[in-house]
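What follows is one structure encoded as structure tokens, with my remarks underneath.
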Amino acid sequence: MSAQIIPSDHYFRNHDPAGPKVTLPSGEVYFDYNHPDAVDHARLAADLDRLRQEEDAPDVLIVEGLMILYTPIIRDRLDLRLFIELEDDERALRRLVRNLGSQDPIDLEKGRWIADYYCASARVGHRRYVEPSRVYTDLIVRGDGDFVRLARMVAAVVRDMYAQKQPGGESNG
């Protein structure tokens, strides 16, 4: 079975002057990556349709991103909808670590900016768009659990779905 990951981050409209913006407490205005309009969903949907039609199309397309379940044009194209649940503080800390990277010493100004952006955009976007989209999921999993166990479970579900779609396919469990 072959698989391909399609990150919705590749479809950000961050160079579009009309794209969504967020204003930080400092008054600085930035592109709002945590708003549904941040992603060109029509282009993503067209690419998904094209990929599915290719002769050497992967058996499984994994579409990942914050607004995937929020947006019907994408959500309706998915065979399995997975929501990874994580507490607010864990999401904030992971974002801080990711965005600071391996800086030595830590840039406190950048850390402050990341915290401000999280509070003004990421937390708001999660509560307004991402969290409500969980109603469209087939499976909700914890993002702070045993990753290997979780990956095996999700892989088993995907393999079973794939087997059922094959001519004469049957479920393995």
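Numbering (my numbering), first residue to last: 406 to 578.
For glycine and all other residues, C-beta sits at the position ideal for the given N, C-alpha and C.
Close-in-space but distant-in-sequence residues of the same chain around residue i (CB under 7 Å, 5 per side omitted)
i: Ile388; result: Outside the shown range of the chain (406 to 578) lies residue 388, about which nothing can therefore be said.
i: Ala527; result: Asn439, Arg500
Proximal residues to residue i (C-beta, below 8 Å), its chain only, five neighbours per side dropped
i: Ile519; result: Arg500, Leu501, Asn504, Leu505
i: Ile467; result: Ala408, Gln409, Ile410, Ile411
i: Arg448; result: Tyr416
i: Ser431; result: Asp521
i: Val562; result: Leu485, Leu544
i: Gly516; result: Leu501, Leu505
Sequence-distant residues of the same chain with beta carbon closer than 6 Å to residue i, five excluded per side
i: Ala525; result: Val427, Leu429
8 Å contact criterion, which residue i and residue j should meet: CB distance rounded
i: Arg480; j: Leu474; result: 5 Å
Of the listed residues the options, nearest to residue i (C-alpha basis)
i: Thr476; options: Tyr534, Val553, Val563; result: Tyr534
i: Asp445; options: Asp494, Gly548, Asn419; result: Asn419
i: Leu498; options: Ile478, Asp549, Ala423, Arg532; result: Asp549
Residue i, DSSP secondary structure in three states
i: Tyr541; result: helix
i: Glu469; result: strand
i: Gln571; result: coil
i: Ala462; result: coil
i: Ala408; result: strand
Residue i to residue j span [Cα, whole Å]
i: Ala560; j: Leu456; result: 21 Å
i: Asp461; j: Met406; result: 12 Å
i: Arg482; j: Leu513; result: 42 Å
i: Gly530; j: Asp464; result: 32 Å
i: Asp437; j: Asp414; result: 13 Å
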